[in-house]
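Engineer: Residue numbers (my numbering), protein chains in the order written: chain S, 1 to 421; chain D, 422 to 842.
Just so it is clear, CB atoms sit at the ideal spot from N, CA and C, and this is done for glycine as well.
To start, I am sharing the structure in question, which I have written as structure tokens.
Put into structure tokens, the structure is as follows:
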């Protein structure tokens, strides 16, 4: 079929099965369940392998074929009519934070699987293959960096560097991957960076905007840019009882004044700037000793490169202006420019949401995703659905079955449409 | 002899030997030396026992007698003419912080020993015995609380509680004390709280005031009061990239605003208030997660009980006023009222400094000392000498031989004068 699929019995989205989709979420949620509603299913653990085995079993029941690349990215294919055509790829990840939720990543994988199943049940023959992908180690909780699998796939991270990465116990990605592949075997091998016609990723928003504005579908236009800084402040330890305040060089107070100065720099009535001091450590961290050393991190994000440059370039000067006689070192540890997704794909998402009468709005992703790496390779888009109060990376992460189904219907329409281009 | 001793060949202060005093400091500094100029000689360690053994050897060479009480406080006696008279006691401690200096405590012990030696060499017969004391575990670095030995001596801390205290490795005071006493044996036993005619403690100031004002002798009129608080702030963890700032409950920012509010509360043009936030911890302490929980401590000191009450009683309200939607718990963990030393003893210190033409000034101790516990038992005083830039609890702690000798001369005069009352 070609062109916009009608919303009817024979469309792929009409064949999306909300009940199956939800029960698959529940099944995956049992793997690594913490007993407090969340999961601990970190990358390349036995739990991660078991979740992959479950998806492989669902795929095998349909006769879909599976393959894996050298960093463990797992692909499940529903064949197209043209074996030479590049696939439309859709997916996300199954690994979680140590106290993770049941939707971050999982939804994108299960939605993509549902699209393949729905296409099968609706007997829709696409020209291009439909590939489901499960990226390795998106979270970066056990092995840094985040989005490891998609970064290696896209050539942004050398395979050897990724394989040599160690977890906190000294286990390498290489060793953990060998174990995970042995536990969830996939015979076929896939190269990195094979031609992809388009990449789609469905995901919970991980923020509160869709819920607060009553939207069901977030048409993700891109991923905001990110700059990270590490600030070290060195003052002088002194006795809390004896040293007059005027003679102190208190690294903690200096760091606090720096943060206050940065808050003023980053003040934004539109609430678009994301400015976070998440790590903050002091030494000697003793109640009766004036702090001699403080360390803090800055996580600054914005969708617009010029704002990222203008404010980010002033971070060091603001810190220095509030040093209170302390020494200060500011290092920029990460600079990730904004990513723009394909306007064509975004247009297809909007049109599909429109056809399904779903309230939708454009949104910039605050979090990074595997889609960031794919955006340099092919037309890429993301579909967000709401999550309760924006809570994510948290065992309390929640999304409604109806929203997950709605997002999957939009994904199905867009994937099938692109697979016929 | 009675009355003020003349400053001449036969006075005790004239017999003070600055060279011996200084070389004894150097000898003690070798025990537990870190190689960076400081010492690590924590309470009841083999190093602490070795330092005591050295003092016992110097005392034995003079024929002074030694005794020890059940918490390990060590007494060295030069007999008086009246065996029934209560002694004048002077001393301090030999234990140090993990990165401690060579004068904090040590000076008070060696100055007291020098007084006994000088009295011996000047052939001065006092009516009362002169007792040197080495208090156990003043620093509280290995075993909490600080001033443990003098607290038990004065009845402020039950012996059983002190003996059951464990260090970070699970070793009890009881076990460590048995080892230390075996390594530095003292056969004679002494009861707690025996009658003391007066207590004198010489000490480095541990603050910058004497040096800054050109004074050699600080006439310590008392120890300022102290209130400690522990503040726990609970917000909500959120994704740094997705959660708009207006919707966050950032425990780190709330804690910082509380500290700023407290700084405004504690603002004091006279720079008498001591206000310190020394411990500050956040969770999850991750660069890209909004802080969900912050904990900090407040160390607030002032010489005047009414200021201690007025400002201290407002701490909780100020914290609550800056909670930014977070939950806050404020607990007062310590409330130590100001200690006033004996005006009579202070008068004798002033007079002695005057006779020696030493610049002196009244001063309130910012730090706590063993003298705090003695002040409830007997007329008590302290003599401060300057230390470089006020640096203490630090391997860079420094005091000049001339200032140490000057403080010891004043101590000698006052001790001998009180020993003839």
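Residues of chain S with CB under 8 Å from residue 455/D, in chain order?
Structural biologist: Here the premise fails: no neighbours, minimum Cβ distance about 15 Å.
Engineer: Please return the same chain residues whose Cβ sits closer than 6 Å to the Cβ of residue 380/S, not counting the five positions on each side in sequence.
Structural biologist: 199, 341, 342, 371, 374
Engineer: Comparing the C-beta of residue 747/D with each C-beta of chain S, is any distance below 8 Å?
Structural biologist: no
Engineer: Check whether the Cβ of residue 628/D lies closer than 8 Å to any Cβ atom in chain S.
Structural biologist: With 8 Å as the cut-off, residue 628/D counts as an interface residue toward chain S.
Engineer: Rounded to a whole number of angstroms, what is the C-alpha to C-alpha distance between residue 687/D and residue 777/D?
Structural biologist: 39 Å
Engineer: Using a C-beta cutoff of 8 Å, does residue 461/D count as contacting chain S?
Structural biologist: Residue-level contact by beta carbon fails for residue 461/D and chain S, as no gap is shorter than 8 Å.
Engineer: For residue 277/S, go through chain D and note every residue whose CB falls closer than 7 Å to its CB, in chain order.
Structural biologist: 673
Engineer: Should the stretch 111–126 of chain S be called in touch with the stretch 402–409 of chain S, which here means at least 3 C-beta pairs below 8 Å?
Structural biologist: yes
Engineer: Let's test the definition: count the other Cβ atoms within 10 Å of the Cβ of residue 101/S and tell me whether it reaches 16, buried, or not, exposed.
Structural biologist: buried
Engineer: Please report the straight-line C-alpha distance between residue 47/S and residue 74/S, rounded to a whole angstrom.
Structural biologist: Answer to the nearest angstrom: the Cα atoms are 15 Å apart.
Engineer: Over the uninterrupted alpha helix (DSSP H) stretch that includes residue 571/D, give me the two end residues.
Structural biologist: 569–574
Engineer: So with Cβ pairs under 8 Å, would you call residue 316/S a contact of chain D?
Structural biologist: no
Engineer: Among 597/D, 814/D, 701/D, 592/D, which one has its Cα closest to the Cα of residue 460/D?
Structural biologist: Among 597/D, 814/D, 701/D, 592/D, the Cα nearest to that of residue 460/D is on 814/D.
Engineer: When you compare each of 272/S, 42/S, 126/S, 95/S to residue 82/S by their alpha carbons, which one comes out closest?
Structural biologist: 126/S
Engineer: For residue 632/D and residue 314/S, what's the separation of their Cα atoms in angstroms?
Structural biologist: Taken atom to atom, the span from the alpha-carbon of residue 632/D to that of residue 314/S is near 40 Å.
Engineer: Give the straight-line distance between the Cα atoms of residue 466/D and residue 601/D, rounded to the nearest whole angstrom.
Structural biologist: 7 Å
Engineer: Would you say residue 144/S lies against chain D (beta-carbon separation less than 8 Å)?
Structural biologist: no
Engineer: Which same chain residues, not among the five before or five after residue 431/D, have their C-beta less than 7 Å away from its C-beta?
Structural biologist: 543
Engineer: Between the stretch 49–65 of chain S and chain D, which residues of the former have a C-beta closer than 8 Å to a C-beta of the latter?
Structural biologist: none
Engineer: Can you list the residues of chain S that residue 711/D reaches, using a CB-CB cut of under 8 Å?
Structural biologist: In chain order: 276, 278.
Engineer: Is there a Cβ from chain S that is less than 8 Å from the Cβ of residue 825/D?
Structural biologist: Answer no: the Cβ-Cβ gap between residue 825/D and chain S never drops below 8 Å.
Engineer: Considering only DSSP beta bridges, list what residue 512/D is partnered with.
Structural biologist: 554/D
Engineer: Under 8 Å between C-beta atoms, does residue 807/D make it to chain S?
Structural biologist: Answer no: the Cβ-Cβ gap between residue 807/D and chain S never drops below 8 Å.
Engineer: Please report the straight-line C-alpha distance between residue 680/D and residue 745/D, rounded to a whole angstrom.
Structural biologist: So the alpha carbons of these two residues sit roughly 13 Å apart.
Engineer: Give a yes or no on whether the C-beta atoms belonging to residue 553/D and residue 540/D are separated by under 8 Å.
Structural biologist: no
Engineer: Quick test of your reading: residue 128/S and residue 85/S, contact by CB under 8 Å. State the CB separation rounded to the nearest angstrom.
Structural biologist: 4 Å
Engineer: From residue 755/D to residue 456/D, what distance separates their C-alpha atoms?
Structural biologist: 36 Å
Engineer: Should residue 270/S go down as buried or exposed, given a rule of 16 or more other Cβ atoms within 10 Å for buried?
Structural biologist: That one is exposed.
Engineer: Please report the Cβ distance between residue 676/D and residue 715/D, rounded to the nearest whole angstrom; I am assuming they are in contact, meaning their Cβ atoms lie under 8 Å.
Structural biologist: 4 Å
Engineer: Would you call the stretch 19–35 of chain S and the stretch 154–165 of chain S in contact, with 3 or more CB pairs under 8 Å?
Structural biologist: Output reads no: the stretch 154–165 of chain S does not touch the stretch 19–35 of chain S.
Engineer: For a minimum of 4 consecutive residues, which ranges assigned as the alpha helix (DSSP H) are wholly contained in the stretch 788–841 of chain D?
Structural biologist: 792–795, 822–840
Engineer: Taking beta-carbon pairs under 8 Å, can you tell me which members of the stretch 809–824 of chain D lie near chain S?
Structural biologist: 811, 812, 813, 814, 815
Engineer: For residue 1/S and residue 117/S, I'd like the C-alpha separation in whole angstroms.
Structural biologist: Since pLDDT at residue 1/S reaches only 40, below the 50 mark, its modelled position is unreliable, and no value is offered.
Engineer: Can you tell me whether residue 69/S is buried or exposed, with buried defined as 16 or more other CB within 10 angstroms of its CB?
Structural biologist: It is buried - the Cβ of residue 69/S has at least 16 other Cβ atoms within 10 Å.
Engineer: With DSSP run on the structure shown, which of helix, strand or coil describes residue 661/D?
Structural biologist: In the three-state DSSP reduction, residue 661/D falls in the coil class, being neither helix nor strand.
Engineer: Taking residue 60/S as the reference, give the member of 201/S, 185/S, 249/S, 213/S with the closest Cα.
Structural biologist: 185/S
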